[in-house]
Every structure is written in structure tokens, then in C-alpha cells.
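Notes for the one structure printed next.
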Amino acid sequence: MSAANKMEASSAAHSLSRYLRATGMPLLFLASILATLAIHRDFGAFDVQSLALGALPLAMAATAQAIVVISGGIDLSVGSMIAVANVLSASLMKHASFRQSLGLAVLIILVGAVQGAINGTLIVLSRIPDIVVTLTTGFIWGGVALLILERPGGGAPSDFLEIGAGADLSPVLPNALLLLIVAVGVIWVPIRSSRLGLSLYATGSDPVAAFRSGVDPRLARILAYGLGGVFCGIGGVALTMTTGIGAPLAGAYYTLSSVAAVVIGGVSLNGGRGGVLGPVLAALLLTLLPMDLIF
């Protein structure tokens, strides 16, 4: 085989790989939906709402993890940050009005951003591997969650809970699914095509090349972890919306599940490749599969 033919074959294989990475997860999710409809003949609007409610916090965790992984890192404190947001919202909103709860939700999301930025700053300054730093901060944030709320409890106004559990915001989609679309669409989609988004991908792909192109990899990584913290904050508030209480240990499920969603969703653990659509669909898939096992 000539050099030209080898190059063409390599290019074709690379194009096929990119195509499968881009379309594999949507096709797998579609196949799972069809399988669910075949197994559960009466699968309807209530089941879609249950799926959205169960998947919303995990989808937020998967989005947070995906952003960090794209920038070349990994965050093992995702679950603990979600737990902090969950117990904070359940504790502070228990006797709050609806409007106060909305303000508190914004504040709690900002707390998540600060937690994420702290993770990123520690990684950049200490030069200790991400997995070690975030595993450590995960224990710290988990302890903070237990200090805030020792056992499951708390609550939120019924109107606030209805935002997540209801189906009145759209005639077609349940509120939880609509919130997921809005959160990802409003926050990540504009960032993805911005200078910040390009910096995250460049840093994850090759930090040295990114630096030579005028990108500050250290700042990009801190911002990636901070942005991941934003989605963890949203995930924790969403968990309160969907369950109605705070649970300090509830976040343990989301750390490894978010990593699984990222891998299944086609994001490269080496950084620099992927998006958030795949991980979000993977989160829905991971929530859907247990439903299929219940006949």
C-alpha cells in the first residue's frame, strides 16, 4: 500500500471514529427508548416525568464532570458538592417563601462555583494530580454537608418543589426535563463557542500548545472547575426539588455515576474532545435502564 493510500485509509478511519463518537450515544439512547416502549407497553407521560426527575441531578453531575474532563482534569468531589448544595437548600428553604427560595437557589449555585474554583486553585497551585486533590476535597465537602445537616431532613416551599416535580411549564415536556435543557442551553452552549470554551478544549488537548497560543492553562483549569461547581450547585438544588428533603450522604451516588456518564457519552478522558450532550443522554440512559428491569 502506497503512502497516499495509507494516509487516505487513516483519514477515513479517523472520520469514522469521529462520526461514531458524535452519533453513537444518541443512537444508543434512541435504541434504549425503543426497547423501553417494547418492554413497557403502557410507558407514558408519567413515566417520562419520573425519568426526568430521576435523571436531572445526575445529568447536572455529568455535565459538571464533562466540563472538567474536557479541560484535562477529573473531579471526584462532584457528589460531595451536590450534597452540600442539597443540604444547604433543604436547610435554608425549609421556612422560606417561594421568592426567598429562588434567591437562595442562586446563592447556593454560587457557593458551588466557589467550591469548584477552590478545587481548581488547589490543583494549579499544588501541582498535585487532580484525582488526589478532588478525592481529598470530596471528603472535606462531604464533612461540610454532614455539619450542615446530620440526617435527612429539611424541606422547601411546595411552589418551589413544583418547579422540578410539576409539568406546568411546558405543554409537552415535564418541568425537570425543561430545566435540564435550559440549564445546559443557557450556561454551556454560549460558553462552548466562546473564547473560554475554546480555551478549555485547547488546555485539555495540549496545555503547552495552548499556552503558546496565548491561553493561560492554569486559569482555564480553575474556570473549568468553577463552572463544574456551578452545575453541581444546580444539581444539588435540583435534588432538593425532586426529593423534597436534604440528605448529606445522597451525593455519594453521583461521583462515579458522573464519570460513567462521561465515558459512555463519548468524552475522552485524555481531555480536549467531547461535549455535554453525550453525557446528558448517558445520564438519562443510566436512569432509564433500571426502569427497564422492572416489569
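Residues are numbered in the working numbering as their position in the sequence shown, beginning at 1, plus a constant of 34. C-beta atoms are modelled at their ideal positions from N, C-alpha and C, and glycine is treated no differently.
Whole angstroms are fine: how far does the CA of residue j sit from the CA of residue i?
| i | j | result |
| --- | --- | --- |
| F245 | A147 | 25 angstroms |
| V102 | I256 | 9 angstroms |
| N120 | T274 | 6 angstroms |
| S302 | A117 | 26 angstroms |
| R161 | S131 | 44 angstroms |
| G187 | L87 | 19 angstroms |
| L322 | A190 | 27 angstroms |
| L85 | P241 | 39 angstroms |
| G270 | R252 | 27 angstroms |
| L319 | S66 | 7 angstroms |
| T70 | F77 | 8 angstroms |
| A100 | T277 | 25 angstroms |
| N153 | T168 | 6 angstroms |
| L50 | P60 | Confidence in L50 is poor, its pLDDT being 49 and thus under 50, which makes the residue's placement unreliable; the coordinate value appears in the next sentence. Each residue's Cα considered, the two are about 16 angstroms apart. |
Under three-state DSSP, which class holds residue i?
| i | result |
| --- | --- |
| G176 | helix |
| P309 | Per the sequence shown, residue 309 should be read as Gly rather than Pro. Three-state result, G309: coil. |
| G187 | strand |
| G113 | helix |
| G13 | Outside the modelled stretch of the chain, which goes from 35 to 329, sits residue 13, for which no answer is possible. |
| G280 | strand |
| L303 | coil |
Since residue i is in the alpha helix (DSSP H), which residue starts that stretch and which ends it?
| i | result |
| --- | --- |
| A258 | P251 to T277 |
| V220 | It is not in any alpha helix (DSSP H) - V220 carries neither H nor E in the DSSP assignment. |
For residue i, which residues from the same chain have a beta carbon less than 6 angstroms from its beta carbon, with the 5 sequence-adjacent residues on both sides left out?
| i | result |
| --- | --- |
| A93 | L214, V314 and A317 |
| I221 | none |
| S292 | A95, A96, Q99 and V112 |
Does chain C have any CB closer than 8 angstroms to the CB of residue i?
| i | result |
| --- | --- |
| V140 | The chain labelled as chain C is not found in the depicted structure, where only one protein chain is given. |
Spatial neighbours of residue i within its chain, please: CB distance less than 7 angstroms, with the 5 preceding and 5 following residues excluded, ordered by chain position.
| i | result |
| --- | --- |
| S114 | G172, W175, G176, A179 and G285 |
| S239 | G305 and G306 |
| L230 | L257 |
| V218 | T97, V310 and V314 |
How would you call residue i, buried or exposed, if buried means at least 16 neighbouring beta carbons within 10 angstroms?
| i | result |
| --- | --- |
| L64 | exposed |
| F265 | buried |
Got a sec? Which residues, its chain only, sit under 8 angstroms from residue i by beta carbon, not counting five neighbours each side?
| i | result |
| --- | --- |
| A254 | S105, L230, S233, L234, A236, T237 and A244 |
| A272 | L90, P91, M94, G198, A210 and L213 |
| A294 | A316 and L320 |
Taking 7 angstroms as the line, does the beta carbon of residue i fall inside it for any heavy atom of the ligand PLP?
| i | result |
| --- | --- |
| G248 | The ligand PLP is absent from the structure shown, which contains no ligands of any kind. |
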